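Take a look at the structure set out below.
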Amino acid sequence: MSLREIRAAARRHPRVADAGIAGIVALGCGLVLTGRTGATVAHTDAVDWVSVVLLPVPLIWRRRAPVLVFAVATVLLVGSQAVGAQSPAALAVTLTALHAIARHRPARFAWPAAALTVIPGFDNRIADGPAWGAFAAVSAVTVTVVLIGMNQRTRSAYTIALEDRARRLEQERDQRAQLAVAEERARIAREMHDVVAHHLAVMVALSDGASATAAQAPQRAADVMGQVSATGRQALGEMRRLVGLLRNFSSTGTSTRTPQPGLDDIDALVERVRAAGLRVSLRHEGAAGAWGPGAGLAIYRIVQEALTNTLKHAGLQANAEVTLRYRPGAADVSVLDDGAGRIARQPVTTGRHGLTGMLERAAAYGGRLEAGPRAGPGWQVYASLTFDQTELVR
Numbered sequence: 096m097s098l099r100e101i102r103a104a105a106r107r108h109p110r111v112a113d114a115g116i117a118g119i120v121a122l123g124c125g126l127v128l129t130g131r132t133g134a135t136v137a138h139t140d141a142v143d144w145v146s147v148v149l150l151p152v153p154l155i156w157r158r159r160a161p162v163l164v165f166a167v168a169t170v171l172l173v174g175s176q177a178v179g180a181q182s183p184a185a186l187a188v189t190l191t192a193l194h195a196i197a198r199h200r201p202a203r204f205a206w207p208a209a210a211l212t213v214i215p216g217f218d219n220r221i222a223d224g225p226a227w228g229a230f231a232a233v234s235a236v237t238v239t240v241v242l243i244g245m246n247q248r249t250r251s252a253y254t255i256a257l258e259d260r261a262r263r264l265e266q267e268r269d270q271r272a273q274l275a276v277a278e279e280r281a282r283i284a285r286e287m288h289d290v291v292a293h294h295l296a297v298m299v300a301l302s303d304g305a306s307a308t309a310a311q312a313p314q315r316a317a318d319v320m321g322q323v324s325a326t327g328r329q330a331l332g333e334m335r336r337l338v339g340l341l342r343n344f345s346s347t348g349t350s351t352r353t354p355q356p357g358l359d360d361i362d363a364l365v366e367r368v369r370a371a372g373l374r375v376s377l378r379h380e381g382a383a384g385a386w387g388p389g390a391g392l393a394i395y396r397i398v399q400e401a402l403t404n405t406l407k408h409a410g411l412q413a414n415a416e417v418t419l420r421y422r423p424g425a426a427d428v429s430v431l432d433d434g435a436g437r438i439a440r441q442p443v444t445t446g447r448h449g450l451t452g453m454l455e456r457a458a459a460y461g462g463r464l465e466a467g468p469r470a471g472p473g474w475q476v477y478a479s480l481t482f483d484q485t486e487l488v489r
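Numbering follows my numbering, in which position 315 of the sequence shown is assigned residue number 410; successive positions increment by one, without gaps.
What follows is the structure, given as structure tokens:
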């Protein structure tokens with residue numbers, strides 16, 4: 096059994112360890128007593144052996160009440176000297192209790208206790224003559240015991256501080272991981288809303304168009320329903336991808352980012368909306384910067400949500416205009432519709448989650464978003480996003 100294992104066992108079972116120390120002190124004192132030479136009177140021998148057996152007993156409580164144990168040991172030390180006992184147990188127990196004070200109590204307790212340990216021997220030296228060598232030895236041992244105990248106390252406090260710091264760092268790391276997971280889940284939820292809302296709006300618009308033309312142009316209606324099917328399959332594929340990310344979170348707490356749509360996909364988005372029957376014009380002004388995938392995704396989702404709302408609320412008779420203006424470190428997104436089909440059909444209502452998502456995406460890039468009715472008929476969405484240098488490396 097190694098020394099480290101012994102220390103670990105002592106920390107787990109402190110009472111057993113203290114009892115073991117008391118037994119070791121008693122055994123050591125007994126060995127010292129039996130090794131002495133010279134005859135002694137019978138009653139002195141009996142007192143010595145009784146002290147060897149009984150004096151170490153208070154050490155069982157040395158960890159829980161070191162000051163009290165030291166006080167008892169000091170009284171026993173003075174008493175043993177008064178009756179002329181030759182047992183080393185009294186001094187050994189006193190030094191062990193002194194170590195406990197230095198180990199488990201502040202220094203203001205240790206040094207006065209050390210003085211109380213040395214004073215009885217000092218008085219004895221005055222009475223018996225100048226045996227200063229023995230007195231100096233006891234004093235040196237006493238100071239050494241105090242310094243050892245104080246050093247152990249300092250090391251223990253340092254170790255506890257390190258363990259506490261490591262525990263707090265681990266807690267902070269876990270909290271950061273939980274916040275990252277929550278943020279990623281919120282991002283996935285926004286993506287889910289944008290994907291589902293957009294594709295369902297396209298499918299509803301296509302279905303309405305197919306219903307209107309089924310009697311006069313059945314082939315045209317069949318083609319439109321084919322587009323509905325393709326749009327539904329595309330939506331299902333994107334939903335499976337997002338659900339897969341959520342499942343990965345549930346099992347590992349991490350996710351593997353898959354490619355997200357960006358600026359290069361806006362043309363395809365507009366074509367998909369045109370296929371649903373909405374007349375959309377797209378204009379790019381300026382050149383986009385190397386802003387990273389996050390910026391492209393934010394612009395794409397804002398355009399997607401704005402066109403989705405046009406499909407829901409303005410209808411297929413409306414005309415929409417998408418304008419993307421790129422400036423150094425910034426981009427402006429404008430989506431307008433003339434509201435021409437607003438009363439042609441019952442709008443699809445889905446709450447304000449889409450508007451909230453657009454606001455969050457704009458705010459994430461230090462921008463702003465305005466959405467509301469135009470001065471004339473129709474609706475407008477305007478967003479301004481800014482990108483700093485940190486976004487370039489994302």
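For every residue, glycine included, the Cβ atom is placed at its ideal position computed from N, Cα and C. Note that the structure is a prediction, hence the values are computed from the model and not measured.
{"Item": "Report yes if the CB atom of residue 409 is closer than 8 Å to the CB atom of residue 427, and no otherwise.", "Value": "no"}
{"Item": "Hey, out of 407, 452, 479, 414, whose CA is closest to residue 472's CA?", "Value": "414"}
{"Item": "So is residue 266 buried or exposed if we call it buried at 16+ other beta carbons inside 10 Å?", "Value": "exposed"}
{"Item": "Kindly indicate the opening and closing residues of the beta strand (DSSP E) around residue 375.", "Value": "374-380"}
{"Item": "Take the Cβ of residue 376 as the centre, count every other Cβ of all protein chains shown within 10 Å, and call the residue buried at 16 or more, exposed below.", "Value": "exposed"}
{"Item": "Can you find at least 3 beta carbon pairs, one from the segment 256-272 and one from the segment 325-332, that sit closer than 8 Å?", "Value": "no"}
{"Item": "Would you identify the three-state DSSP class for residue 263, choosing helix, strand or coil?", "Value": "helix"}
{"Item": "Within the same chain, show all residues whose beta-carbon is closer than 8 Å to that of residue 374, passing over the 5 residues directly before and after it, in chain order.", "Value": "413, 414, 415"}
{"Item": "What residues are listed by DSSP as bridge partners for residue 65?", "Value": "There is no way to answer for residue 65, as the model of the chain reaches only from 96 to 489."}
{"Item": "Identify the residues that DSSP records as bridge partners of residue 481: which are they?", "Value": "425"}
{"Item": "In the DSSP assignment, what are the bridge partners of residue 418?", "Value": "378, 429"}
{"Item": "So, using beta-carbon positions, are residue 479 and residue 452 closer together than 8 Å?", "Value": "no"}
{"Item": "Please state whether DSSP places residue 460 in a helix, a strand or coil.", "Value": "coil"}
{"Item": "Would the beta-carbon of residue 368 fall within 8 Å of that of residue 406?", "Value": "yes"}
{"Item": "Give me the Cβ distance between residue 196 and residue 187, rounded to the nearest whole Å; I'm assuming they're in contact under 8 Å.", "Value": "No, residue 196 and residue 187 are not in contact; Cβ-Cβ is about 15 Å, not under 8 Å."}
{"Item": "Determine the closest residue to residue 213 out of 235, 456, 201, 363, with distance taken between C-alpha atoms.", "Value": "235"}
{"Item": "Quick check on residue 156: does DSSP put it in helix, strand or coil?", "Value": "helix"}
{"Item": "Please classify residue 203: does DSSP put it in a helix, a strand, or coil?", "Value": "helix"}
{"Item": "Between residue 370 and residue 323, what straight-line distance do the alpha-carbon atoms span, to the nearest angstrom?", "Value": "10 Å"}
{"Item": "Work out the CA separation of residue 417 and residue 257 for me, nearest whole Å.", "Value": "59 Å"}
{"Item": "Here's the rule I'm using: 16 or more other beta-carbon atoms within 10 Å means buried, otherwise exposed. How should residue 361 be labelled?", "Value": "buried"}
{"Item": "Only counting the same chain, and skipping five residues up and downstream in sequence, which positions put a Cβ closer than 7 Å to that of residue 382?", "Value": "421"}
{"Item": "Comparing alpha-carbon positions, which option in 241, 172, 232 lies nearest residue 199?", "Value": "241"}
{"Item": "Just to confirm my understanding: we take residue 474, look at its own chain, exclude 5 residues before and 5 after, and list those with CB closer than 8 Å. What are they?", "Value": "404, 405, 408, 409, 431, 432, 434, 466, 467, 468"}
{"Item": "Determine the burial state of residue 429: buried for a count of at least 16 other Cβ atoms within 10 Å of its Cβ, exposed for fewer.", "Value": "buried"}
{"Item": "Under 8 Å between the Cβ atoms of residue 392 and residue 357?", "Value": "yes"}
{"Item": "Compare the C-alpha of residue 411 against each of 425, 398, 423, 372 and name the closest.", "Value": "372"}
{"Item": "With a Cβ-Cβ cutoff of 8 Å, do residue 419 and residue 455 count as a contact?", "Value": "no"}
{"Item": "Following the continuous alpha helix (DSSP H) through residue 399, name the residue where it begins and the one where it ends.", "Value": "388-408"}
{"Item": "Straight-line CA distance for residue 321 to residue 327?", "Value": "10 Å"}
{"Item": "Is residue 174 closer than 8 Å to residue 205 when the C-beta atoms are compared?", "Value": "no"}
{"Item": "Secondary structure at residue 247, three-state DSSP: helix, strand or coil?", "Value": "helix"}
{"Item": "May I have the straight-line CA-CA distance separating residue 194 from residue 150, to the nearest angstrom?", "Value": "16 Å"}
{"Item": "Rounding to the nearest angstrom, what Cα-Cα distance links residue 271 and residue 281 in this structure?", "Value": "15 Å"}
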